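Peer 1: Right, I'll just put the structure down here and ask away after.
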Amino acid sequence: MQDIHKELEQKIARFHGREDAILYASCFDANAGIFEVLLSPEDAVLSDELNHASIIDGIRLCKAQKYRYKHRDMNGGYTTCRRELVDLLRQRSRPYLFSNSLPPPVVACASKVLDILLASPKLAQKVAGLTKHFRSRMTTAGFNVSGDDHPICPVMLGDARLAADFADGMLEQGVYVIGFSYPVVPKGKARIRVQISAAHSMEDIDRTVDAFITVGKKFGVVA
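With full-length UniProt numbering, letter number 100 in the sequence shown gets 100, and the count goes up by one each step, no holes.
Structure (structure tokens):
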């Protein structure tokens, strides 16, 4: 690990108002690597039924008892930790110990992003505005967009073949989206995933919704 990695860890910790942070090579490693250090077969984990596969595998590895609850049917947020816990993860978390560090250019970009976010809320506010506009127009058009106000917007279609064909139809309209189906998501809950960012403009959002409506009418998803 180089100094640039440690600098990013400290920025992440400051961003969350915590003592320390630890970088993993991937999101999967981060989720899979924490449970085996902290939990044992004598412990229990309450887990959302739609948690990411990395969380599910992490719980399996530590052999703790798992109790699932319905998706998003629990109040809560996320957990950060004290420096002692980060030190423990550095010593015992196998995905951290036996993976290469993130490439310095990736770390430098992430560090710059944090600098921008900490300096001004404008980009976050822009994403929130674009997301609200997209979700509102899509719902009015008759689409089922899961979730509340998150910029990752799952447009629920149900059928796997429909999701794949719909994504192809969107590409023909000049909009790149991804269709997700089983085993990535549960059977019967195939969807199109739309990810909104601050790089998009309001015109981009409107053009995307217009494309959804065109393709949706073609496949009978909306009237």
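Every residue gets a Cβ at the ideal spot worked out from N, C-alpha and C, and that includes glycine.
Nothing here was measured: the structure is a model prediction, and the numbers come from that model.
First and last residue of the alpha helix (DSSP H) that includes LEU38?
Peer 2: Within the sequence shown, residue 38 is the residue found at index 38, counting from 1. Unbroken alpha helix (DSSP H) run through LEU38: 27 to 38.
Peer 1: Could you tell me which whole alpha helix (DSSP H) segments of length 4 or greater appear in the UniProt domain "Aminotransferase class I/classII large" (74 to 212)?
Peer 2: The qualifying runs are 83 to 92, 94 to 97, 104 to 119, 122 to 141 and 160 to 172.
Peer 1: Please say whether VAL222 and PHE143 have beta carbons closer to each other than 8 Å?
Peer 2: For the purposes of this step, residue 143 is taken as residue 143 along the sequence shown, with counting starting at 1. For the purposes of this step, residue 222 is taken as residue 222 along the sequence shown, with counting starting at 1. Contact: yes.
Peer 1: Using a 10 Å radius around the Cβ and a threshold of 16 neighbouring Cβ atoms, would you call CYS27 buried or exposed?
Peer 2: Numbered from 1 along the sequence shown, position 27 holds the residue referred to as residue 27. It is exposed - the Cβ of CYS27 has fewer than 16 other Cβ atoms within 10 Å.
Peer 1: Leaving out five residues on either side along the sequence, give the residues of the same chain with a beta carbon under 8 Å from the beta carbon of SER47.
Peer 2: Sequence index remark: in the sequence shown, residue 47 carries index 47 (1-based). Cβ neighbours of SER47 beyond the five flanking positions: ILE55, ILE56, ILE59, LYS66, TYR67, ARG68 and TYR69.
Peer 1: For VAL86 and ASP20, what's the separation of their Cα atoms in angstroms?
Peer 2: If you number the sequence shown from 1, residue 86 lands on position 86. If you number the sequence shown from 1, residue 20 lands on position 20. Approximately 7 Å between the Cα atoms of the pair.
Peer 1: Is the distance from the Cβ of CYS62 to the Cβ of PHE98 below 8 Å?
Peer 2: Start at 1 with the first residue of the sequence shown, and residue 62 comes out as number 62. Start at 1 with the first residue of the sequence shown, and residue 98 comes out as number 98. Contact flag unset, no.
Peer 1: What is the rounded straight-line gap between the Cα of SER136 and the Cα of SER146?
Peer 2: Against the sequence shown, residue 136 aligns to sequence position 136. Against the sequence shown, residue 146 aligns to sequence position 146. Cα-Cα distance, rounded: 12 Å.
Peer 1: Would you mind working out which of VAL155, ILE213 and LYS6 sits nearest ALA190, comparing C-alpha positions?
Peer 2: On the sequence shown, residue 190 is found 190 positions in, with the first residue counted as 1. Per the Cα distances, VAL155.
Peer 1: Starting from LYS6, follow the alpha helix (DSSP H) in both directions and report where the run begins and ends.
Peer 2: As a first step, residue 6 must be located in the sequence shown, where it is residue number 6. Residues 3 to 16.
Peer 1: With a threshold of 8 Å on Cβ separation, who are the neighbours of PRO186 within its own chain once the five nearest residues in sequence on each side are excluded?
Peer 2: Translated into positions along the sequence shown, residue 186 becomes position 186. Excluding sequence neighbours, PRO186 sits near LEU50.
Peer 1: Going by alpha carbons, who is nearest to HIS16 out of GLY158, ARG82 and ASN31?
Peer 2: In the sequence shown, residue 16 corresponds to position 16, counting from 1. Of the candidates GLY158, ARG82 and ASN31, the one whose C-alpha sits nearest the C-alpha of HIS16 is ARG82.
Peer 1: To the nearest angstrom, how far is the alpha carbon of LYS217 from that of LEU118?
Peer 2: Here the question's residue 217 lines up with position 217 in the sequence shown. Here the question's residue 118 lines up with position 118 in the sequence shown. Whole-angstrom Cα-Cα distance: 43 Å.
Peer 1: Tell me which same chain residues have a C-beta within less than 8 Å of the C-beta of ASP43, skipping the five on either side of it?
Peer 2: Reading the sequence shown from its first residue, position 43 is the one you call residue 43. So the qualifying residues of the chain are CYS62, ALA64 and GLN65.
Peer 1: Helix, strand or coil: how does DSSP classify ALA53 here?
Peer 2: The residue labelled residue 53 in the question sits at position 53 within the sequence shown. The answer is helix: DSSP assigns ALA53 an H, G or I state.
Peer 1: Which class does VAL45 belong to by DSSP, given the choice of helix, strand or coil?
Peer 2: By one-based count along the sequence shown, residue 45 stands at place 45. If DSSP states are grouped into helix, strand and coil, VAL45 belongs with the strands.
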